[in-house]
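Protein chains in written order, with my numbering: chain F, 115 to 202; chain H, 115 to 202; chain W, 115 to 202; chain S, 115 to 202. For each residue, glycine too, the CB sits at the ideal point set by N, CA and C.
Number of protein chains: 4
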Amino acid sequence: MPDVGHNGPPVASEQLKSLIERLETLNAEKAEVAEYIKEVYAEAKGNGFDTKAIRKLVALRKHDRAKLAEDKAILELYASAIGCLDLV
Amino acid sequence: MPDVGHNGPPVASEQLKSLIERLETLNAEKAEVAEYIKEVYAEAKGNGFDTKAIRKLVALRKHDRAKLAEDKAILELYASAIGCLDLV
Amino acid sequence: MPDVGHNGPPVASEQLKSLIERLETLNAEKAEVAEYIKEVYAEAKGNGFDTKAIRKLVALRKHDRAKLAEDKAILELYASAIGCLDLV
Amino acid sequence: MPDVGHNGPPVASEQLKSLIERLETLNAEKAEVAEYIKEVYAEAKGNGFDTKAIRKLVALRKHDRAKLAEDKAILELYASAIGCLDLV
DNA sequence: AACGCATAAGTAAGAC
DNA sequence: GTCTTACTTATGCGTT
C-alpha cells in the first residue's frame, strides 16, 4: 500500500515530474537546433557571404510559402463554398 | 565545359543554394520541436495541470541554470584578472 | 475656418503628431542616458578597470534582483494554487 | 592612516564601488525612460492608434539617414544569383 | 575593420 | 477579444 501518509495524490506529482522532464528535453533539443543554425550562418560568413542578406532571403521565402499556403486554403474554402472541392 | 558564359562565379551560387536549403531544413526541425512542446502543454492542461505554473517553473529552472553558468563565468573572469586561473 | 476640404479628422492627425514628438523626445533622452553610461565605462577603462568584468558584475546584480522578484512570483503562484494566498 | 593591512589598493575598491553605483543609477534612469515610452504607446493604443504602425514610423524617421538601398541591392543580387523563385 | 555580444525591436502565443 | 508575456530576430557597440 504505497503513499500512505501523503496529503496529495502521488500520481499527480509523478505526472508533473514527467511533464517537466519532457519539456526540458524538448527545450534542449530546440536550443540545439538553434545552435546548428548559428553554426551554418557562421560558416556562411566564413565563406564571405553577407549573413544579414541570407537571413532576409530565408525569411522572405518562408513568408512566400506561408502566403502560398494561405492562398491555397482560401481557394479550398471558396471551392467548398460552391460545393466543388474535388476540382481543386 | 561548365560555366562558360556566366558572369558570376557559379560555385558561390551553389554554395548559397546549399546554405539556404540547410537553413530551411533546420528551421523546419525547430518548428517541429516547438510543435511538440505545445502538445505537451496541451496534454498537461488536459490532465488538469495549471500550465501557467508549469511554464513559470520551467522558466525558473532555466534561469537558475543560467545563473549558475553566469556565476561561474564571473568567477573565471575575476580569476583571470588576478592571474590565477588555475585555482578555479 | 479650419479643416474644410480635408478627408480625415484633423484631430487624429494632431494627436499623432504629438505622439511622435513625445516618443522622439523620450528616445533622445534614452540615447543621452546611454551616452552617459558609455562615458562611465570609458572612464573606468581609463582608470585601468576591466570593463568586461564590470559589465558582467552589473548584469549579475541585475539578474539577482530579477531572480528575487521571480521567486516571489512563483511563491505567490503556488500559494494561490493551493488557495492560501493570505499566508504569503 | 587608513587601510593599513589590506592586500589590495583600497582606492581601487572605492572607485569600483562608485562606478557600479553610477552605472546602476544610470541604468535605472534608462529603464524609467523606457517605461515612459511604453506608457505613451499604451496611451496611443487607448486612443485607437495602431502602435505597430507608429513604431514603424518612428523607426523610419530615425533611420531615414541610412542607406537602405544598399541592402536592397545586395538582396536582389543574391536572389538573381540563385534564380530564387525556382527553389520554391 | 571584422567579429561577437548585448541590447532593442518585432512577432507570436497564451491568459483573462 | 484584448492584453500581456515570452521568444525570435536585428541592429548597434565595443573589442581585437
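- Burial is judged here by how many other beta carbons sit within 10 angstroms of a residue's own beta carbon; Y192 (chain F) has fewer than 16 and is exposed.
- When secondary structure is reduced to three states using DSSP, G160 (chain S) falls in the helix class.
- By the Cβ rule, the stretch 134-145 of chain H does not count as touching the stretch 132-140 of chain F, because fewer than three pairs are nearer than 8 Å.
- Residue-level contact check: L130 (chain H) touches chain S, since one or more beta carbons of chain S fall below 8 Å from its beta carbon.
- 8 Å or more divides the Cβ of I151 (chain H) from the Cβ of L174 (chain W).
- Comparing C-alpha distances from S194 (chain H) to each of W:K176, W:K186, W:A167 shows the shortest one belongs to W:A167.
- DSSP, reduced to helix, strand and coil, places D185 (chain W) within a helical segment of the structure shown.
- Contacts between L189 (chain S) and chain F, judged by CB atoms closer than 8 Å, involve A167, K170, L171 in chain order.
- Nearest to Y155 (chain W) by alpha-carbon distance, out of W:L171, W:K144, W:I196, W:E143, is W:L171.
- It is roughly 11 Å from the alpha-carbon of A158 (chain S) to the alpha-carbon of A126 (chain W).
- Take the alpha-carbon of A183 (chain H) and the one of E149 (chain F): they are about 17 Å apart.
- Within 8 Å of the CB of S194 (chain H), no CB atom of chain S is found; the nearest one sits about 16 Å away.
- Of all residues in the stretch 131-145 of chain F, only L133, I134, R136, L137, E138, L140, N141, E143, K144 place a beta-carbon less than 8 Å from a beta-carbon of chain H.
- Following the DSSP letters along the chain, one finds I168 (chain S) inside the alpha helix (DSSP H) bounded by residues 165-176.
- For A156 (chain S), no CB of chain W lies under 8 Å from its own CB, so it is not counted at the interface with that chain.
- No Cβ-Cβ contact shorter than 8 Å links K144 (chain H) with K176 (chain F).
- The beta-carbon separation of K181 (chain H) and K181 (chain W), rounded to 6 Å, stays under the 8 Å limit for a contact.
- With a threshold of 8 Å between beta carbons, A183 (chain H) makes no contact with chain F.
- Here I196 (chain S) carries a coil assignment [DSSP, helix/strand/coil].
- Take the alpha-carbon of G162 (chain S) and the one of R169 (chain S): they are about 14 Å apart.
- Within 7 Å of the CB of A180 (chain H), no CB atom of chain F is found; the nearest one sits about 12 Å away.
- Residues of chain S whose Cβ lies closer than 7 Å to the Cβ of V147 (chain W) are, in chain order, L140, E143, K144, V147.
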